[in-house]
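>
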Amino acid sequence: MAELVRPKKPKHRERPQSDDAPRIPDRPVMVNGMRLPVAPSHSIQHQRDRSASPEPEEQVLSDTGESINPEKENGSIQDVRSSPVRPAPPPPRAISQEREAPPIPARNLVFPRSTSMVAESTREPTPVVLPKRSVAVAPYPTVPELAELPSYTAALKHPQVYPAVDGGQLHHSRSAAAIPEKTRFSAPVAQERVREGEAPPMYPSINTYERNEHGLMTEENLVTFYHNPLYEHAEIFVDQFIKAEVVPNQSGSLFPLLARLKSVCDLMTVSEVKGKENTEELQKCLRECWVQQTMSVEAKGKCGDNNDGTGRASYFSYELQQSVLDQMKRLLSTNRTNLLDHTLCEETSFRSLALQIQWQIIIINNNFMAENGLTTNCPPSLVATGPMTPGRTAIRTALSDIFYHLRYPRLSKRFIDTLFGWIKELTCILNMRQSCDDGIFLLCHLLRLPSPIDHWAPPFVQTFIQSQSPPRLKLDYCVALLTHLLNPIKARESFLRHVAQSEKEESTWEILADDDDGEANEFSFVTINESDLTAFLDQIPISELYSIAYLAFTSYSDKGSQFTAMIAFQLLLMKILDNGLTSYSQPGYKMFCKQIGISLKHSVRELCSNWRLIRDQIRPGEEQNLQKEVDRIVLLALNYLIHRDSVGLFQFVVALPYGVVSEECRSRCEYALRSNKKMSIHEIYETPICEVRARISSQSIAKRVSSLGAQDSEFLINSLASIGSYSNGDVGQLLKELIDVCFCEPATRDDFYKCGGEAIGQILTKRPETLHQLLAIVDRNLQHMDSYAINVLSSSRLFECRLTEPMISIIGKWLINNPPEHGANRLARRVLSGLHWGLGPDGQNLWIDVDVHAIAADTVVKAHSVHCSRSNSMISKSISKISKLASKVGDAESLFQQFCWDLLVKLKLPTIPVDLVQNDLTAHYVRIVQNYEDDVVVYLEKAVPLLSDLVSSGSSVASVVLLSRLIAQHYQKVNLMAADKNFMATFERLLHIDQLPYAVQWLSGPSSTPTPIVRLICSAISYYSAKLPPRDYLRAWITLLCQARTGWNEDAVTYQIVGTIARIAFINDTQKLYEITSIVFQAYQQQMAAEKNQSKGILALFSSDSSASPLIPDSMLAVSPFASYIMLRVEQKSFNPFYGHFYETLGKKDKYNLDHAAKKAASKCSMALPVERLAVFRWAKLVIVCKDSALLPIILQQLAGQAYRLRKANNLNLCYARRLIDEPQMQGVMAECRKAIEETTVATKGLSKAVVGWLFTKHEVTRTGFDFSVFDLDYLLQLILAGDKNMWMDFVNMPHFTSEEFAERKLYSVTCQLSPKNRESPSPPELGSPRARGTAKPFPVLPVHSGLPKAPCLDPSTIFQQHVVLQMAAPFMSTVKNLAKQYTECGDRMDIYDDAYCKLIRILYQSTQQTVPVEIRCSYCSKPKPCTMTVKPNVLSPEIDVKMSQNRQKRIEFWNELNASMIDQAAVATASMEHLSRLVSMMAAALDPRNRNSVQPTGHSLFYLITSSVGENELLFSVASESYSHSLRALGEEFVKFRPEEQMDVMQLALNGFVLSEPLVEVFTAEVLNSDDLCTAYRKLSDAVRMPERSKMALQLLGEQ
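If you read the sequence shown in the UniProt record's numbering, its first letter stands for residue 1, the second for the next number, and so on.
#1: Going by the CB atoms, is the gap between His864 and Thr922 shorter than 8 angstroms?
#2: For Pro91, count neighbouring C-beta atoms within 10 Å of its own C-beta (all shown protein chains included) and say buried if the count is 16 or more, exposed if not.
#3: Which residues does DSSP list as the beta-bridge partners of Gln292?
#4: Taking Cβ to Cβ, would you say Leu1516 is nearer than 8 angstroms to Leu1354?
#5: Tell me, please, whether the region 1033-1048 touches the region 965-977 by the rule of three or more beta-carbon pairs shorter than 8 angstroms.
#6: Output the distance between the C-alpha atoms of Asn228 and Val383, rounded to the nearest integer angstrom.
#7: Give the DSSP-derived three-state secondary structure of Ser1394 in the structure shown.
#8: Touching or not, the region 677-689 and the region 606-621, by the rule of three or more beta carbon pairs under 8 angstroms?
#9: What does a CB cutoff of less than 8 angstroms around Ile540 pick up in its chain, not counting 5 residues either side in sequence?
#10: Where does Phe536 land, buried or exposed, given buried means 16+ other C-beta within 10 angstroms?
#11: Count the other C-beta atoms from every protein chain shown that fall within 10 angstroms of the C-beta of Thr1046, then say buried if there are 16 or more, exposed otherwise.
#12: In the DSSP output, what is Gly311 paired with across the bridge?
#13: Skipping 5 residues on each side, what residues in its chain have a beta carbon closer than 7 angstroms to that of Val1546?
#14: Keeping to the same chain, check which residues put their C-beta closer than 7 angstroms to that of Ser253; ignore five residues upstream and five downstream.
#15: So Gln1406 is in the beta strand (DSSP E); what residue range does that whole segment cover?
#16: Looking at the ligand HEM, does it come within less than 7 angstroms of Ser1508, judged from the CB to the closest heavy atom?
#17: Using DSSP with H/G/I as helix, E/B as strand and the rest coil, what is Ser1508?
#18: On the three-state DSSP scale, how would you describe Glu425?
#19: Give a yes or no on whether the C-beta atoms belonging to Ser1019 and Leu1307 are separated by under 8 angstroms.
#20: With the cut-off set at 8 angstroms, would you say Ser1477 and Leu1502 are in Cβ contact?
#21: In angstroms, rounded to a whole number, what distance separates the CA positions of Ser494 and Ser531?
#22: What whole-angstrom Cβ distance do Leu752 and Ser713 have, given they're in contact under 8 angstroms?
#23: What distance in whole Å lies between the Cβ atoms of Leu764 and Ser796, which are believed to be in contact at a cut-off of 8 angstroms?
#24: Classify Leu1581 as buried or exposed, calling it buried when 16 or more other Cβ atoms lie within 10 Å of its own Cβ.
#25: Between which two residues does the alpha helix (DSSP H) holding Val1555 run?
#26: So Asn1434 is in the beta strand (DSSP E); what residue range does that whole segment cover?
#27: Touching or not, the region 621-635 and the region 667-678, by the rule of three or more beta carbon pairs under 8 angstroms?
#28: Bridge partners for Lys1208 per DSSP, in chain order?
#29: From Ile1076 to Ile1067, what distance separates their C-alpha atoms?
#30: Report the rounded CA-to-CA distance for Phe1538 versus Val1568, giving the unit in angstroms.
#31: With distances taken from CA atoms, which of Pro620, Asn718, Leu641, Met432 is nearest Ser599?
#32: With a 10 Å radius around its C-beta and 16 neighbouring C-beta atoms as the bar for buried, classify Leu1551 as buried or exposed.
#33: Note down, in chain order, each residue of its chain lying with its Cβ closer than 6 angstroms to the Cβ of Ala1118, except the 5 sequence neighbours on either side.
#34: If you draw a straight line from the C-alpha of Pro1330 to the C-alpha of Asp1464, how long is it?
#35: Would you identify the three-state DSSP class for Ile1352, choosing helix, strand or coil?
#36: Which partner residues does Lys474 have in the DSSP bridge list?
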């Protein structure tokens, strides 16, 4: 349909009507050069190329509908690859003969598109048409959002090395191919999109195409839907590439420069080695110049006994080694030579050559950009292959030259990095308008470079998926890249002949790598590295290929044809990937083969994912045929993967999309997996389906795994399970085989029990109804499974399974008859624990039948009574005995008991009257649930004793569940519960059940605050408060917790539970809190009354503290912010009479402090409060401990209100904020409060800062005319003063409390499985390949040459002006002359430094007078006499040592200055000189003969100007002499060679002893002289031969040497 969505051309054309539809054109025999894997035959069917639909502006319509292409025929390989589009499949004759062909409506009326897509449809380069084929470039719409990514559209800021292409500079380049097509025809199209039309079917139904006996389309017809000319001519391209590139033609301008650069780098490597050796020798020589020697001196005299004696003393002295010093002089001379003649000159030569090459590359890139109308900001784009233009030829030649020089052995890193930078620069420019052949050309070069190159080469291989090129062109290009990458690399050894020869000459090989089998592999740079191949393959992700394919095939008119094209593309892609597996199925390429396997798997999954989405949109008659094609692809992929030995591809068989294939295909896949014989796809299809199923039954898994490795066997088992999970047939036989092989057979189960569990998990996930079969099979084989039974369901998700009565009987047998540590018992627990015991998806009915719940409970009770006798012995025992019995319960029994309780609380048991009570804890639970929960009176009478036993035994979870259910059902009768002493005693013990060390902990790990059981109680309250009327339900809990208990306000557990209740009340009733404060108030009043009665006793007379106890102690404030908030509100309400007298006393006199007022108030009422118990300070303490609580804004409101609220005293409304807050004895509390508010992490929208300003200000806010604007949020403070008591809910994060509520509610719901099951089953994994994050590297970025010197530029007219050219060259020669002189002087100066250094070495050790101790002894001296002697040893002179260091430092500084001043200047000057000479020669060579002679004087003058500039210093400076030699060579080739008038002068110059005679000899061509001049020249040369000083040169000119 691509032709139907092109915009209408301005010129109106009408398509003539045809009486008959066009006949199907004959196709050539050979198409695409490929063998698509067709079953049952793979033979290549040859066919002719058919015509494609031409563009309107290119076609001439006739009655026969045939299009004629007026373009010239071109048989080159570039033309062959030019077609980026897919030819349209012709309609069959049978259909076209029955009706008249309908007229095709105008393009703009069919399928109108968005403006961006219309504009995109015009972005098509001019096609190059094949001989005898009409090819039209079809407009493929692109996705605008892909083309607008920053990596493609962001402008790059470059210096003016590459000039911008403006309107006034390159008008000559504005051809159809050069102008960006983005603006072409876009405006008219936008105006023509007026109405919508229904396009007639352009392609017939795919049912009309020929199929083989298996219902599969033939290769001939599949090629009709997808034809790739680039793939077809891949072999031809490679052959031509090898022919052209294996031997360099040296025609490029870069080749001689690169050759010189390589030589310089080689010399630099050698010089670097020599320099290091010289440095080491100098250091060694310096150490050996002075040698330490031991000297001795003898003394004679009298000893202490006055006898004649002698004494000897030894000392050290250093002696100069003259021979070593002479060697030092030679080494220093060598060092100077190495630094000057090698390091400096070679570095200068390197930079000079690199600069010349860089200038050449910029010229090449500028020519390419000008030729194609590009700028440096153009994004990458892919174009169809067209004729080779000069600019494209130059850039490819430059790349060839660079790649050639990368194929030498032992290249230096600097050389490689430099060449890589130039490849990057050339490729960046080429990417702006890269043809398909260019990309393949690059890949072919990269594949023939010495490995490894994976660290820099991959970015040069790109898919251009996000460019605005036509999708079909990009698709063909990517397929071609894959083809060249995965095919065997032809002639790699020939390209790397230099490397191979170097390796061959080495006498030994170094083993660098071992393969996975432990065998040593010889490493060779000629053999391509696996990492290189993997890196290139990563650049062509399968997901990107399919993204392009989806766009490329949208031109088909219907989904059937579109998907058929996808099938043809997929078959071709699979063939290419299989070629890669065939080429690299070797141990050294295992990871690469795995990467190919991943690509193959992803491609199949992508196709099947697309098929799953569109199969409902296919025509009714076509769906079955396309399903067969999908079956073929999956079966073919499986066959490719399982027949590659030792490369680890079996793992990818598991993930093939068996769910979208037919049942017959699944059977054939299973048959191929089970078979020990390698079968072709032909053999698999030829086997009848009945025979396939019979062979499946006869070929066991055990026999198959014996012929495979352990890893492949695991993947085989999982693959068979994956097929079985999607199968519609019975999987009983498969399950039996899995149980036998993986869990029963001793020889195999150690290897396969894990994968067996995974395989069974796959089956149960997709077919949960097979659980019954599985349990029956396991039950029959249980005695053979031993401890492996537990692994059967280790990876299974049983939430989707349902349990039936026969199944529970099997499980019950395992559970009761086997001890807890037995595998069968553990397996039974795994099944029962993994099931969903709650409601179904409808939320009304149970997922598992209620009768099964009752049977399961009965089974658990029986099992518990059998296996938990020690736990049951705790029933009706005292606490001390229970503790002793609990210590004897083993770990296995404890775990089993925990399982029983976890399961029982999930079961939904019906009400069944039972009179008999078993002496078992679980039976107690079941009896309570089934008999006593309906009537609270009966519950208190009969169930409470049973509940008490559960609590005493530590059955915490079950006890909490029973208590929660009771209060939820009978919360309206809470007073009956509160009045029952036994119930309240049990309730009290349950609240603290976590404190029992033997309690069955519901959560592992140490108890936290709150404890796990307290959290479960809080969760139950949250859950039921959402199901019941919350007011009465929460008040019932408050009644039990506070009103019915004594000492409750000193219990942390109570505050934790009350905190949950208060939070629920705060969320739903912010102001009144469901009036739970009234219940707490009554409880507190009762407590204070009891305390008051106790204070009337005799002991109260001896107590000085008459104040009432606080409702909540300070130590409990941090337990729960919500509980503390409620308690403080109740507490301040309880002391209202005290506060009335307190504030009245304060208002009488300002001198009264708080302590005095409190005492006065206590004397006037029956209650007393100390200052620290005042409400404002209690709220301040709560702020300190709750600074990070989300309730902080409300607490701050209470604090500010208590401080600033007006109090009525003596008929006046007074504010006591300053007197309260500034109380001296409470300054510590208030300072801590201020710090807590300032450090809070709660977002209070500025309230924290405002409250700090209010509380700690010095202003008296109640004075007349006070300006409240000095405060933040001053309106809130004014509301407090006005008596407003509304909550400041704007500052409270209510969603935080709500989320806490939902999270807390979930705990109890999950524990008891009270939530309905999810309506939707877990969706199968996505079939498509992952697209989240790719490993492909992005396009290379064009480098910026900010400080690059400019190259000499010549205008074409300048070369006719001799003086101008000479003036340009003169500065360069002058610079070289000065630098050469400086170079010579520097050598002399370094010589001076070295001479001075040697002289310093000679005097480094100097003779110094010293005294040494000597003892004079006689023969048997008992009293030696000490004395001293004077000696003169040579010792180190510190002053000389410092001077030597200074000498070396000055030499280093001088050398650094020399480098900085000379290298860059010399490099630029010599490079400019050579570049100018080369430029003059090239421009002269490009002139026609008439103008050429006019330029001869310019070249002649420049040539002899250079010869006259060569002096003594230039000859010593090798950089200058080499530069002059190459400049003379370049000029001589054009202006001297083969020119008679120049030969005599050149000969005479050479004979006169010109030192740089080599280029003169090369350009001396005497054969062009006339006879007289030739005789004269020969006579002069003959005479010169007889002269010793000229003999050698004369012979060279004569060609004798």
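In this text, a Cβ means the ideal position worked out from N, Cα and C, and glycines have one as well.
On a predicted model such as this, the values are computed, not experimentally measured, just so you know.
In short:
#1: Result yes, Cβ atoms of Thr922 and His864 sit closer than 8 angstroms.
#2: Low per-residue confidence applies at Pro91: pLDDT is 40, beneath 50, and the placement is therefore not dependable, though the value from the model is reported in the following sentence. Per the 10 Å Cβ criterion, buried.
#3: Tyr318
#4: no
#5: They touch, by the three-pair rule.
#6: 15 angstroms
#7: In the sequence under discussion, the amino acid at residue 1394 is Asp, which differs from the Ser named in the question. Asp1394 falls in the helix class under three-state DSSP.
#8: no
#9: Around Ile540: Val461, Thr463, Cys478, Leu481, Leu482, Leu485, Ala1336.
#10: buried
#11: exposed
#12: Ala299
#13: Val1536, Leu1560, Val1563, Phe1564
#14: Gln360
#15: 1405-1407 is the extent of the beta strand (DSSP E) around Gln1406.
#16: The model on display carries no ligand, and the ligand HEM is accordingly not part of it.
#17: helix
#18: If DSSP states are grouped into helix, strand and coil, Glu425 belongs with the helices.
#19: Taking C-beta atoms as the reference points, Ser1019 and Leu1307 count as a pair closer than 8 angstroms.
#20: Ser1477 places its beta carbon less than 8 angstroms from that of Leu1502.
#21: Going from the Cα of Ser494 to the Cα of Ser531 covers about 22 angstroms.
#22: Checking the displayed sequence, the identity of residue 752 turns out to be Phe instead of Leu. Correct: roughly 7 angstroms between the Cβ atoms.
#23: 5 angstroms
#24: buried
#25: Taken as a continuous stretch (DSSP letters only), Val1555 belongs to no alpha helix (DSSP H), as it is neither H nor E.
#26: 1434-1436
#27: Output reads yes: the region 667-678 touches the region 621-635.
#28: Under DSSP, Lys1208 forms a beta bridge with Asn1213.
#29: 14 angstroms
#30: 6 angstroms
#31: Among Pro620, Asn718, Leu641, Met432, the Cα nearest to that of Ser599 belongs to Leu641.
#32: buried
#33: Val1185
#34: At Pro1330 the pLDDT is 46, less than 50, meaning the model places this residue with poor confidence; the figure from the coordinates comes in the next sentence. For Pro1330 and Asp1464, the distance between alpha carbons rounds to 52 angstroms.
#35: The sequence shown places Pro at residue 1352, rather than the Ile named in the question. DSSP places Pro1352 in the coil class of the three-state scheme, outside both helix and strand.
#36: DSSP, once it has assigned bridges, lists no residue as partnering Lys474.
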